[in-house]
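Peer 1: Our numbering puts the sequence shown at residues 1 to 215.
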Amino acid sequence: MAFHRLTRTHPRLSIATLAGVVGAWLVPADDTVQQVLIGWNIGVWLYLLLVLWLTWRASPDTVRRVARIEDENAGLVLFTVCIAAIASLAAVTLQLVSSRGLHGSDLVLHYLYTGLTVAGSWLMIGCIFSLHYARLFYTDDGKAPPLRFADNECNPDYWDFHYFSFTLNVAVQTSDVGVAGRALRRVVLAHSLVGFVFNTAILGFTINIAAGLLG
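(1) Only counting runs of 4 or more residues, tell me where the alpha helix (DSSP H) segments fall wholly within the stretch 117 to 171, in order along the chain.
(2) Enumerate in chain order the residues of its own chain whose CB-to-CB distance from I69 is below 7 angstroms, with the five nearest sequence positions on each side excluded.
(3) For V81, which three-state DSSP category applies?
(4) Considering just the uninterrupted stretch of the alpha helix (DSSP H) at D71, what are its terminal residues?
(5) Report yes if the C-beta distance between G195 and N169 is below 8 angstroms; otherwise report no.
(6) Please report the straight-line C-alpha distance between M1 and G204, rounded to a whole angstrom.
(7) Name the residue from S121, R182 and G115 whose alpha carbon lies nearest to the alpha carbon of A144.
(8) Nearest by alpha-carbon distance to C82: which of D106, L94, A201 and S121 is it?
(9) Taking DSSP's pairing of strands, which residues face V179 in a bridge?
(10) Enumerate in chain order the residues of its own chain whose CB-to-CB distance from N41 is below 7 angstroms, with the five nearest sequence positions on each side excluded.
(11) What does the alpha-carbon distance come out to for the pair H110 and G101?
(12) Under the three-state reduction of DSSP, which class applies to V21: helix, strand or coil?
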């Protein structure tokens, strides 16, 4: 029953999760960590495609409707995805350690796979927070909107929420969008901390990969 509710309220995440589990089981891997990362990549990139498709075709009315549907267990879903994304960084670290004996094209492919994993996780964080901001915006019962866009947009679409979310992802700042409401400020704080972890990890991985290629 719980799984049925999850597929109904979060269909894109459910489809991506199922695809990732099946992919991890079917695609050959050298070890458990690699097997998990294969499944993670399949699930993440499928989810990103599904969110892109939703973003491309959704009107503000659609965003409002989806936000109300996804309101159930939204906080738990957001927390779980963030923990999984951070865990993927730990798995990538283990993969980088295991690549020290590789050379030539094998090493380059290993680094490309690492980059794909980190990029997917980073984009996943931005998208999952975008949808969460949309949910908070359209389910808020207050008189003033919890997010205040510079042009006073009262019916933002997903592109507007992506703008806000990925500005936090990249720069860890809210740019020209005002944040109102304690609940939303807590989410923005959590997003900023997760974004800082990812940006620091990306810098570390980049230095590690550059040293490996030059060495």
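Backbone N, C-alpha and C define an ideal beta-carbon position, used for all residues, glycine too.
Peer 2: On the basis of the supplied data:
(1) 158 to 171
(2) So the qualifying residues of the chain are T9.
(3) The answer is helix: DSSP assigns V81 an H, G or I state.
(4) Taken as a continuous stretch (DSSP letters only), D71 belongs to no alpha helix (DSSP H), as it is neither H nor E.
(5) yes
(6) Here the model assigns M1 a pLDDT of 45, short of 50, so the residue's position is not dependable and the matter cannot be decided.
(7) Checked all of S121, R182 and G115; the closest Cα to A144 is R182.
(8) When only C-alpha atoms are compared, the closest one is S121.
(9) According to DSSP, V179 bridges with L147.
(10) Cβ neighbours of N41 beyond the five flanking positions: L116, T117 and G120.
(11) About 11 angstroms.
(12) helix
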